[in-house]
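Taking numbering that gives the first Met the number 0, the leading residue of the sequence shown gets 0, the next gets one more, and so forth.
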Amino acid sequence: MTTELHIKLPTGNLKVMKFKSDLSVGEIFQKIFDHLKREGFSESVADYGIFQPAKVDNPARWLKPESSLTHQAVFSGSEVHFKKKIRPLKLRLSDEKTETLNIDESQWVQALIKQICTELKLSHP
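And the structure:
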């Protein structure tokens with residue numbers, strides 16, 4: 000059985016690709032990345048992930064690389080985004096200084112808070 004995904008690429012283009020339903024998200028990620036490399040994409044693979052935008056009945060989420068599409072309830076015709084997980088986050092501190100940190104949006108909020116506190120050398124968040 001195959002699953003057809005509508006993939007928004009970093010270039011802004013929408014690409015329709017078909018995959019076996021039992022493939023892991025990590026394997027699909029690699030196939031999309033291989034396609035992009037053939038088109039001249041040269042950024043680091045570590046900075047990217049597969050994101051499913053929110054729908055009426057489902058919240059937005061990053062797909063887990065180790066799970067299959069079926070396990071994560073991603074069905075044929077779904078739209079996903081191949082996008083950067085890492086983005087800058089500007090923080091204004093209590094002393095009015097501004098700090099910019101690169102965060103991984105695919106992480107849980109708890110992990111992000113820990114990362115931010117570590118980088119800012121805060122012992123009690």
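Glycine included, C-beta positions come from ideal geometry on N, C-alpha and C. All values derive from a computational prediction rather than experimental measurement.
Beta-carbon separation (whole angstroms), residue i vs residue j, contact threshold 8 Å
i      : j      : result
TRP61  : PHE74  : With 8 Å as the limit, TRP61 and PHE74 do not qualify as a contact, their Cβ atoms being about 18 Å apart.
ALA53  : ALA45  : In fact, because the Cβ distance is near 25 Å, the residues do not count as touching under 8 Å.
PHE28  : PRO64  : 6 Å
SER20  : THR2   : 5 Å
VAL48  : SER105 : A small correction: the amino acid at residue 48 is Gly; Val does not occupy that position in the sequence shown. The pair is a contact, with the Cβ atoms about 5 Å apart (cut-off 8 Å).
ILE6   : LYS17  : The Cβ separation is near 11 Å, so there is no contact.
VAL79  : LEU4   : 6 Å
ILE112 : PHE81  : 27 Å between Cβ atoms; not a contact.
Span of the alpha helix (DSSP H) around residue i
i      : result
ASP33  : 24-37
THR117 : 108-118
In DSSP terms, what residue i is bridged to
i      : result
LYS3   : Before going further, note that residue 3 is Glu rather than Lys in the sequence given. DSSP, once it has assigned bridges, lists LYS17 as partnering GLU3.
TRP61  : PHE50
GLU133 : Given a span of 0 to 124 for the chain in the structure shown, any question on residue 133 remains unanswerable.
SER66  : DSSP, once it has assigned bridges, lists no residue as partnering SER66.
ASP56  : DSSP, once it has assigned bridges, lists no residue as partnering ASP56.
8 Å Cβ shell around residue i - same chain, five flanking residues per side excluded
i      : result
ASN101 : ILE85, ARG86, PRO87, LEU88
N-terminal and C-terminal residue of the beta strand (DSSP E) that residue i is part of
i      : result
HIS123 : Note, HIS123: premise wrong, no beta strand (DSSP E); not H, not E.
LEU125 : The structure shown does not extend to residue 125, since the chain is modelled only from 0 to 124, so the question has no answer here.
HIS80  : 78-83
Sequence-distant residues of its chain with Cβ nearer than 7 Å to residue i (five each side left out)
i     : result
ARG91 : THR97
GLY25 : PRO64, GLU65
Residues near residue i in its chain [Cβ-Cβ closer than 6 Å; skip 5 each side]
i     : result
ASP56 : none
Chain B within 9 Å of residue i, Cβ atoms only
i     : result
SER93 : You won't find chain B in this structure, because it holds only one protein chain.
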